[in-house]
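Each remark here refers to the structure printed beneath this line.
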Amino acid sequence: MNAITENQSYSAELARRDLGVVWHPCTQMKDHETLPMIAIRRGSGAWLEDFDGKRYLDAVSSWWVNLFGHSNPRINAALADQLGNLEHVIFAGFTHEPAIRLAEQLVALTPAELTRCFFADNGSAAVEVAIKMSFHYWQNRGMPKKARFLTLQNSYHGETLGALAVGNVELYKTLYKPLLMDVLTAPSPDCYYREAGESWESYSLRQFAHMERLLAHHAWELAAVIVEPLVQCAGGMRMYHPVYLSRLRDACTRYGVHLIADEIAVGFGRTGTMFACEQAGITPDFLCLSKGLTGGYLPLSAVLTTENIYGAFYDEYTKLTAFLHSHSYTGNPLACTAALATLDIFATDHVIERNRTKAAYLGRRARELENHAHVAEVRQCGMILAVEFVKNKARREPYPWAERRGQRIYRNSLQKGVLLRPVGNVVYFMPPYVVDEAEMDLMVQVAADGIELATCD
Ligand code: PMP
23 MNAITENQSY SAELARRDLG VVWHPCTQMK DHETLPMIAI RRGSGAWLED FDGKRYLDAV
83 SSWWVNLFGH SNPRINAALA DQLGNLEHVI FAGFTHEPAI RLAEQLVALT PAELTRCFFA
143 DNGSAAVEVA IKMSFHYWQN RGMPKKARFL TLQNSYHGET LGALAVGNVE LYKTLYKPLL
203 MDVLTAPSPD CYYREAGESW ESYSLRQFAH MERLLAHHAW ELAAVIVEPL VQCAGGMRMY
263 HPVYLSRLRD ACTRYGVHLI ADEIAVGFGR TGTMFACEQA GITPDFLCLS KGLTGGYLPL
323 SAVLTTENIY GAFYDEYTKL TAFLHSHSYT GNPLACTAAL ATLDIFATDH VIERNRTKAA
383 YLGRRARELE NHAHVAEVRQ CGMILAVEFV KNKARREPYP WAERRGQRIY RNSLQKGVLL
443 RPVGNVVYFM PPYVVDEAEM DLMVQVAADG IELATCD
C-alpha cells in the first residue's frame, strides 16, 4: 500500500470513528449520513489540509477566530517557548507574566477609560461575566431594581443560558425560552431593511428612536444594553451605521444604563479598525473580546471595564461585594502567550493598513455578484463581506429556511476546495488576514458558482 492510499483509508477511518463517538456543535448529526466528516491533518496560512492531501481555503477563519493563518510561525514559537516554562496556574492568589502583559496591552489598546481586564475562557463566558458584573454593580451601588437587559433584535451573544437570553436569533433561542431570563428587545438598526435610496446613516438613526423610547421607559429597571457593534454576525452578517453606537452611548449615559459592547466577533480588525467601537468614537462600560484575541489558537476571552465599575466591587470582604466568578482556566498562560504574539503581529506588521487594501480588493471582486438574479445585497464592513441571496430579488423575498439552500453552497464549495459556511441565505467571507488576491478570487468564484447552483430551481 503506498502512502497516499494509506492516508486515504486513514481519512475515511477517522471520519467513521468520529461519527461513532463525537457529538459536534451546531450540527444535526444525521446530516453526516450523506455529508462526509472532514478530518484535518494540518493547516498552513489560510489553508487546511485533510488526510488525502485535499486542501480547503478557510474563508471563514474557522468560525471567525483565525487572524494570521494556521500554524503561524511566530505564534508557534511563542507558544513553544511558554510551554517550557508554565502551562497553567490557578489564577486566584497567583498570577503570571503573560496575563499581566496581556492585560496591560489590552488596556493600552482600548479607550483610556477601560482600565481593568477580567479574563474568562470563551466568548459566551465573557458575555456572562459582563452581564453579571453589570447586574452586580447596581446591587453594590444600592440600586437592586436595575436587573434587566436590553438587546437588539437579531443579535447573537453566545449559547450559555445568560448569553442566549440576551441574544435574539430565534434558531438558537426559541426552544430554550423557558430556561431564559426575560429581556427587552429593541428593533435592529440592520440596514438591509432601509428604504430604497435611503442611506445607512439615516436608517440607523431612524431605528434609534425605538431604542431611545425603550430606554426612557425602562431605565429604572435596566442594568445594561448589549450590542454587537456594527455587524450582527451570527444574525446573517447584518450591518449598521456607527451613528447608532454614538447615539446609544450618549443615551446610555443620560439614562444611567451600562453599555456592553460584544466585540467577540468584530474585534481585532474585522471591521477595518482594531475595534468596531472606534468608528463611533465611543467607550462602552464593558468590552467583551475573544475569538481573534489568541489569533485563533486557544480559547480565551477578556472583559474590559472602567475604574468606576471596578471600584463598586472593592471593599472589605465581609461586605460581600466581591465579584466571585471563576473559571478553572481563567487567564491560561498559553492562551495569554498566543494573544501576546497576536498583538505583536498587529504592532509590527501594519495589519490594519494592509487589510484596507485587501478589503478594497475583495469588495471590488465580490460586488460583481450584485448583478446575479437572486442576489439582493452585497454588503461589506472591513474584512467582513456578505452576499444575501433571495428567492425574489424585486420583493427581497427570502428562500424558506427549510430548503437549506446555504447547505448546498457549503457542500459545493467543499468539493471545490473552499470552506464557506453560509448563515441561512447569506454567504459570507471572513478570511484570515494572510489571504492573498488569488485566494480572494477563488473564494468569490466558488461563492458565485455556489449561489448559481443553489438558486437555479
Ligand atoms: N458573541 C458574539 C458576537 C459571537 O459571534 C460569539 C460566537 N460566534 C459569541 C459571543 C460566543 O463566543 P463563543 O462561541 O466563544 O462562546
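Counting from 1 along the sequence shown, just add 22 to a position and that's the residue number in the numbering used here.
Even for Gly, the Cβ is constructed at its ideal location relative to N, Cα and C.
Owing to the predicted nature of the structure, the values given are computational and were not obtained by experimental measurement.
With which residues is residue i paired in a DSSP beta bridge?
i           : result
residue 32  : Answer is none; residue 32 lacks a bridge partner.
residue 414 : 419
residue 402 : 407
residue 92  : 67
residue 323 : 142
residue 397 : 411
residue 449 : 409
residue 308 : 282, 327
residue 261 : 253
residue 77  : 71
residue 128 : In DSSP, residue 128 forms no bridge with anything.
residue 173 : 207
residue 62  : 72
residue 246 : 171, 280
residue 440 : 79
residue 136 : 328
Looking only at its chain, what residues have a beta carbon closer than 6 Å to the beta carbon of residue i, apart from the 5 residues adjacent to it on each side?
i           : result
residue 64  : 71
residue 315 : 322, 361
residue 26  : Because the pLDDT of residue 26 is 49, which lies under 50, any placement of that residue in the model is unreliable, and the number read from its coordinates should be weighed accordingly. The answer is none, since no qualifying residue turns up.
residue 32  : 73
residue 142 : 148, 151, 323, 349
residue 233 : 208
Grab me the residues of residue i's own chain with a C-beta within less than 7 Å of its C-beta, minus the 5 sequence neighbours each way, in chain order.
i           : result
residue 433 : 57
residue 185 : 146, 149, 150, 179
residue 23  : Here residue 23 scores only 41 on pLDDT, less than 50, and its place in the model should not be relied on; the value that follows carries that caveat. None.
residue 157 : 169, 245
residue 303 : 268
residue 59  : 37, 40, 41
residue 256 : 178, 191, 445
residue 152 : 282, 308, 310, 325
residue 120 : 104, 355, 358, 359, 362
residue 124 : 358, 361, 362
residue 226 : 211, 213, 262, 263, 265, 266
residue 84  : 318
residue 221 : none
residue 181 : 146, 194
residue 137 : 129, 328, 329
residue 144 : 312, 321, 323
Give a yes or no on whether 8 Å exceeds the smallest Cβ distance from residue i to chain B.
i           : result
residue 124 : Protein chain content of the structure displayed is limited to a single chain, and chain B is not contained in it.
Please go through the same chain and pick out, in chain order, the residues whose beta-carbon is closer than 8 Å to the beta-carbon of residue i, but skip the five residues on each side of it.
i           : result
residue 294 : 301, 374, 377, 378, 381, 403, 404, 405
residue 478 : none
residue 391 : 397, 400, 409, 466, 469, 470, 473
residue 480 : Coverage of the chain is limited to positions 23 through 479, which leaves residue 480 absent and any answer about it impossible.
residue 387 : 462, 463, 466
residue 61  : 33, 36, 37, 40, 72, 73
residue 475 : 430, 431, 434
residue 395 : 415, 477
residue 277 : 237, 238, 241, 244
Quiz item: For the stretch 293–312 against the stretch 245–258, are there 3 or more C-beta pairs whose distance is under 8 Å?
Solution: With the cut-off at 8 Å, the stretch 293–312 and the stretch 245–258 touch.
Quiz item: If we count Cβ pairs, one from each stretch, closer than 8 Å, do we get three or more for the stretch 302–310 versus the stretch 271–289?
Solution: As far as the Cβ criterion goes, the stretch 302–310 touches the stretch 271–289, which means the pair count is three or higher.
Quiz item: Could you name the residues, in chain order, whose CB is less than 6 Å away from a heavy atom belonging to the ligand FAD?
Solution: For the ligand FAD, the structure offers nothing, since it holds only the ligand PMP.
Self-check item: In chain order, each alpha helix (DSSP H) run of at least 4 residues that lies wholly inside the stretch 329–390
Solution: For the stretch 329–390, whole alpha helix (DSSP H) runs of length 4 or above, ordered along the chain, are 329–333, 355–370, 373–388.
Quiz item: Just checking, does the stretch 438–449 make contact with the stretch 316–333 on the three C-beta pairs under 8 Å criterion?
Solution: The stretch 438–449 vs the stretch 316–333: no contact.
Self-check item: the stretch 188–202 touching the stretch 369–379, judged by at least three CB pairs closer than 8 Å
Solution: Not touching, per the Cβ criterion.
Quiz item: Within the chosen definition, does the stretch 333–347 reach the stretch 109–127 through at least 3 CB pairs nearer than 8 Å?
Solution: Output reads no: the stretch 109–127 does not touch the stretch 333–347.
Quiz item: Does the pairing of the stretch 418–437 with the stretch 266–274 give three or more beta-carbon distances under 8 Å?
Solution: Using a C-beta cut-off of 8 Å, the stretch 418–437 makes no contact with the stretch 266–274, since fewer than three inter-stretch Cβ pairs fall below that distance.
Quiz prompt | Cβ contact check for the stretch 72–81 and the stretch 446–459: 3 or more pairs under 8 Å | solution = Of all C-beta pairs linking the stretch 72–81 to the stretch 446–459, three or more are shorter than 8 Å, placing the two stretches in contact.
Exercise. Determine contact between the stretch 99–108 and the stretch 349–357, defined as no fewer than three beta-carbon pairs at a distance below 8 Å.
Key: Yes, the stretch 99–108 is in contact with the stretch 349–357.
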